[in-house]
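2 protein chains.
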Amino acid sequence: MAIKEAVRPGGRSARVQEAVHQAVRELQTIKARDELTVPQIAERAGVTPSTIYRRWGNLSELVADVSVERMRPDEDPADTGTLAGDLLAWGQQYLEEMTSVPGQRALNDVMASAHDERRERCCRYSESLMTTLHDRALSRGETPPPICKLVDGVVAPMTYRLLYDRDSATVDNLQRWIDCTLKDGDPGVACRQ
Amino acid sequence: MAIKEAVRPGGRSARVQEAVHQAVRELQTIKARDELTVPQIAERAGVTPSTIYRRWGNLSELVADVSVERMRPDEDPADTGTLAGDLLAWGQQYLEEMTSVPGQRALNDVMASAHDERRERCCRYSESLMTTLHDRALSRGETPPPICKLVDGVVAPMTYRLLYDRDSATVDNLQRWIDCTLKDGDPGVACRQ
DNA sequence: CCATTAACGCAAAATTTTAGCATTAACGGA
DNA sequence: TCCGTTAATGCTAAAATTTTGCGTTAATGG
Chain A
-6 MAIKEAVRPG GRSARVQEAV HQAVRELQTI KARDELTVPQ IAERAGVTPS
44 TIYRRWGNLS ELVADVSVER MRPDEDPADT GTLAGDLLAW GQQYLEEMTS
94 VPGQRALNDV MASAHDERRE RCCRYSESLM TTLHDRALSR GETPPPICKL
144 VDGVVAPMTY RLLYDRDSAT VDNLQRWIDC TLKDGDPGVA CRQ
Chain B
-6 MAIKEAVRPG GRSARVQEAV HQAVRELQTI KARDELTVPQ IAERAGVTPS
44 TIYRRWGNLS ELVADVSVER MRPDEDPADT GTLAGDLLAW GQQYLEEMTS
94 VPGQRALNDV MASAHDERRE RCCRYSESLM TTLHDRALSR GETPPPICKL
144 VDGVVAPMTY RLLYDRDSAT VDNLQRWIDC TLKDGDPGVA CRQ
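Going down the list, the protein sequences come from chains A and B.
For the first sequence, my numbering assigns the number -6 to the initial residue and increments by one for each residue that follows.
For the second sequence, my numbering assigns the number -6 to the initial residue and increments by one for each residue that follows.
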């Protein structure tokens, strides 16, 4: 049961993948998570169930695959003129997205995936975003803390709250995380690894 | 399909739960996660599959239930004489536990649960632990940062790395998170909510 | 001790998942 | 462009699972 990933991407294979993803997205809007089934998705996508089982293994991996796609940032973060503003603007939008019902479901689906490479993609999305904001701050002449500080100080607390204690994933707290992270004059030692 | 939780805990019900949990724990040591099945567990536990389906709903919720139990801290954290030492001692052990193969699986199983009340229990474990260390520091005459700072500064980054980027969940980084969190002279504003 | 009812066992039915083989179509070289 | 190779899919039957209905057991409260 070795699940292949994006081999022979041309033509049919890509069409099937898109049809299946689309079917999942559509069904997700009209059905609860625990009443989605593979045969159902297959029928709507116009493929046979065995195709889905062979490519994705099971329902969890399929919905995780769709959801991680959904979590990819589609546009560049807004430029507000300061790092603090950029962090707040991005974080606000991210919080809003991830506390919404579909956002929570997507987060859940990704976390339920047995392949941790999928979760790592979410991590990379955030890190790449922090890198962008960091570079932008540098080019403005600001003196931003190192990227890992941004991750540890802003992204990690926010993610932790979103996953474990949603009620405290608020903009108020976001503002506080940003303030604390940027206030600290000492840039500290950069993270290893 | 409303899953009941610990109603009528006396006698038989408790025996069945323990037998099923035990069966899961045993099977987990000799089988990979994706080759566990409900009928298999039921047989070893000496119950019928329908009992498991009725009580836990599905395999994911069952293993999540078992794993969250496993993650409950069983003993009080070591007292090393300083808050920094206590945090390091606890964090070291936690990191070791959670980067191990069974620890990673347990973490995965809990995160895969659709009931976020299960994840919240993990959060409460950590917060309760931070409270313990905080009180202990106070009684020593230390001036510890507020509990939410400990959570945001130490627990959150560690958890974030464990979930999204295991390679950076190291003792070196733990030491750094602790240093940064305790160094900051300004206790800041306490978290709301 | 009894009435009530939650929890369980059992077995049939429904559904999902797997597996074997045939077919289609993407890919690469001549 | 054509052709051989083979990854990917379709189809179908078999296997395994999950669900459901109903009878039974045993925990709970009086």
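From the three backbone atoms N, C-alpha and C, an ideal C-beta is built for every residue, glycine too.
Backbone CA spacing between A/GLN33 and A/ALA105 [nearest angstrom]: For this step, residue 33 of chain A is matched to residue 40 along the first sequence. For this step, residue 105 of chain A is matched to residue 112 along the first sequence. The straight-line gap from Cα to Cα measures roughly 21 Å.
Assigned exposure category for A/ARG8 - 16 Cβ within 10 Å defines buried: Taking the first residue of the first sequence as 1, we reach residue 8 of chain A at position 15. A/ARG8 is exposed by the Cβ-count criterion.
Through-space distance from A/THR73 to A/ASP79, alpha-carbon basis: As a first step, residue 79 of chain A must be located in the first sequence, where it is residue number 86. As a first step, residue 73 of chain A must be located in the first sequence, where it is residue number 80. Their backbone Cα atoms lie some 5 Å apart in a straight line.
Interface residues of chain A facing B/ARG112 [CB-CB closer than 8 Å]: Position 119 of the second sequence, counting from 1, holds the residue named residue 112 of chain B. Around B/ARG112, the beta-carbon contacts reaching into chain A at under 8 Å are LEU156, TYR157.
Chain A contact for B/MET123 (CB, 8 Å cutoff): Within the second sequence, numbered from 1, the residue matching residue 123 of chain B stands at position 130. Answer no: the Cβ-Cβ gap between B/MET123 and chain A never drops below 8 Å.
Residue-level contact to chain B via CB, A/TRP83, 8 Å cutoff: For the purposes of this step, residue 83 of chain A is identified with residue 90 of the first sequence, where counting begins at 1. A/TRP83 does not count as touching chain B.
Chain A contact for B/MET91 (CB, 8 Å cutoff): Residue mapping note: residue 91 of chain B aligns to position 98 of the second sequence, counting from 1. Judged by the 8 Å Cβ criterion, B/MET91 is not in contact with chain A.
A/VAL40 vs A/ALA12 beta-carbon contact at 8 Å: In the first sequence, counting from the first residue as 1, residue 40 of chain A sits at position 47. In the first sequence, counting from the first residue as 1, residue 12 of chain A sits at position 19. Less than 8 Å divides the Cβ of A/VAL40 from the Cβ of A/ALA12.
Cα-Cα separation between B/SER132 and B/TRP170, rounded to whole angstroms: Working through the second sequence from its first residue, we reach residue 132 of chain B at position 139. Working through the second sequence from its first residue, we reach residue 170 of chain B at position 177. Each residue's alpha carbon lies about 23 Å from the other.
Whole-angstrom distance between A/ASP128 and A/CYS141, CA atom to CA atom: For the purposes of this step, residue 141 of chain A is identified with residue 148 of the first sequence, where counting begins at 1. For the purposes of this step, residue 128 of chain A is identified with residue 135 of the first sequence, where counting begins at 1. Straight-line Cα distance between these residues: approximately 13 Å.
Chain B residues whose Cβ lies nearer than 9 Å to that of A/ASP27: The residue you call residue 27 of chain A lines up with position 34 of the first sequence. Taking a Cβ-Cβ threshold of 9 Å, the residues of chain B close to A/ASP27 are MET(-6), GLY50, ASN51, ALA107, in chain order.
Straight-line Cα distance separating B/GLU110 from A/LEU122: As a working mapping, residue 122 of chain A is identified with position 129 in the first sequence. As a working mapping, residue 110 of chain B is identified with position 117 in the second sequence. Those two C-alpha atoms are separated by around 30 Å.
Other residues of its chain near B/PRO42: CB distance less than 6 Å, five sequence neighbours each side excluded: What you label residue 42 of chain B is simply residue 49 of the second sequence in a count that begins at 1. Here the set comprises VAL31, PRO32, ALA35.
Meets three-Cβ-pair contact criterion under 8 Å: the region 86 to 101 of chain B and the region 44 to 54 of chain B: no
Neighbour flag for B/ALA149 against chain A, beta carbons, 8 Å: Start at 1 with the first residue of the second sequence, and residue 149 of chain B comes out as number 156. Chain A contact via Cβ: present.
Backbone CA spacing between A/THR152 and B/TYR153 [nearest angstrom]: If you number the first sequence from 1, residue 152 of chain A lands on position 159. If you number the second sequence from 1, residue 153 of chain B lands on position 160. Those two C-alpha atoms are separated by around 7 Å.
C-beta neighbour in chain B for A/THR22, strict 8 Å: Counting from one through the first sequence, the residue named residue 22 of chain A turns up at place 29. With 8 Å as the cut-off, A/THR22 does not count as an interface residue toward chain B.
Beta carbon of B/LEU76 nearer than 8 Å to that of B/LEU126: As a working mapping, residue 76 of chain B is identified with position 83 in the second sequence. As a working mapping, residue 126 of chain B is identified with position 133 in the second sequence. Between B/LEU76 and B/LEU126, the CB-CB gap stays under 8 Å.
Cβ-Cβ separation, B/THR174 to B/LEU155 (assumed contact under 8 Å), whole Å: Start at 1 with the first residue of the second sequence, and residue 155 of chain B comes out as number 162. Start at 1 with the first residue of the second sequence, and residue 174 of chain B comes out as number 181. Not a contact, Cβ separation roughly 17 Å.
Beta-carbon proximity check, B/VAL187 vs B/CYS115, cutoff 8 Å: One cannot answer for residue 187 of chain B here, as it falls past the ends of chain B, which runs -6 to 186.
B/LEU81 versus A/ASN101: straight-line alpha-carbon distance, rounded: As a first step, residue 81 of chain B is located in the second sequence; it is residue number 88 there, counting from the start. As a first step, residue 101 of chain A is located in the first sequence; it is residue number 108 there, counting from the start. Using only the alpha carbons, I get a separation of about 30 Å.
Cβ distance (whole Å) where B/VAL59 is taken to contact B/HIS14 below 8 Å: The residue labelled residue 59 of chain B in the question sits at position 66 within the second sequence. The residue labelled residue 14 of chain B in the question sits at position 21 within the second sequence. The pair is a contact, with the Cβ atoms about 5 Å apart (cut-off 8 Å).
Reduced DSSP category for A/MET104 - H, G, I as helix; E, B as strand; rest coil: Position 111 of the first sequence, counting from 1, holds the residue named residue 104 of chain A. If DSSP states are grouped into helix, strand and coil, A/MET104 belongs with the helices.
A/ALA99 classed as buried or exposed, judged by whether at least 16 other C-beta atoms fall within 10 angstroms: Counted from its first residue, the first sequence places residue 99 of chain A at position 106. Buried is the call here.
Entirely enclosed alpha helix (DSSP H) segments - the region 28 to 103 of chain B, minimum 4 residues: Counting only runs of 4+ residues, the alpha helix (DSSP H) found wholly inside the region 28 to 103 of chain B occupies 31 to 38, 42 to 49, 52 to 63, 76 to 92, in chain order.
Cβ of B/MET64 within 8 Å of any chain A Cβ: Position 71 of the second sequence, counting from 1, holds the residue named residue 64 of chain B. Not one chain A Cβ lies under 8 Å of B/MET64.
A/VAL103 classed as buried or exposed, judged by whether at least 16 other C-beta atoms fall within 10 angstroms: The residue you call residue 103 of chain A lines up with position 110 of the first sequence. Answer is buried; the Cβ neighbour count reaches 16.
From B/VAL94, B/ALA16, B/GLU120, residue whose alpha carbon lies closest to that of B/ALA38: On the second sequence, residue 38 of chain B is found 45 positions in, with the first residue counted as 1. Among B/VAL94, B/ALA16, B/GLU120, the Cα nearest to that of B/ALA38 belongs to B/ALA16.
Simplified DSSP state of B/LYS24, which is helix, strand or coil: Working through the second sequence from its first residue, we reach residue 24 of chain B at position 31. Coil at B/LYS24, not helix or strand.
9 Å Cβ cut-off: residues of chain A touching B/ARG152: Within the second sequence, residue 152 of chain B is the residue found at index 159, counting from 1. Per the sequence shown, residue 152 of chain B should be read as Thr rather than Arg. Those are ALA149, THR152, TYR153, LEU156, TYR157, listed as they occur along chain A.
Separation of A/GLN10 from A/ILE45, as counted between CA atoms: For the purposes of this step, residue 45 of chain A is taken as residue 52 along the first sequence, with counting starting at 1. For the purposes of this step, residue 10 of chain A is taken as residue 17 along the first sequence, with counting starting at 1. Rounded to the nearest angstrom, the gap between the Cα atoms of A/ILE45 and A/GLN10 is 9 Å.
Interface residues of chain A facing B/ASP145 [CB-CB closer than 7 Å]: Here residue 145 of chain B refers to the residue found at position 152 of the second sequence. Here the neighbours are PRO150, TRP170.
Candidates A/ARG18, A/LEU55, A/ASP172, A/GLN97, of which the one nearest A/TYR157 by Cα: Translated into positions along the first sequence, residue 157 of chain A becomes position 164. The option with the nearest alpha carbon to A/TYR157 is A/GLN97.
Contacts around B/GLY146, its chain only, beta-carbon distance under 7 Å, and the 5 residues preceding and following it disregarded: Counting from one through the second sequence, the residue named residue 146 of chain B turns up at place 153. Around B/GLY146, the same chain offers TRP170, CYS173, THR174 as residues with beta carbons nearer than 7 Å, after the five sequence neighbours per side are excluded.
DSSP state of B/GLY146 mapped onto helix, strand, coil: Locating residue 146 of chain B in the second sequence gives position 153, counting from the first residue. Helix.
Straight-line gap, B/LEU29 to B/GLN85 (C-alpha atoms, nearest Å): On the second sequence, position 36 is the one that residue 29 of chain B refers to. On the second sequence, position 92 is the one that residue 85 of chain B refers to. Approximately 31 Å, taken between the alpha carbons.
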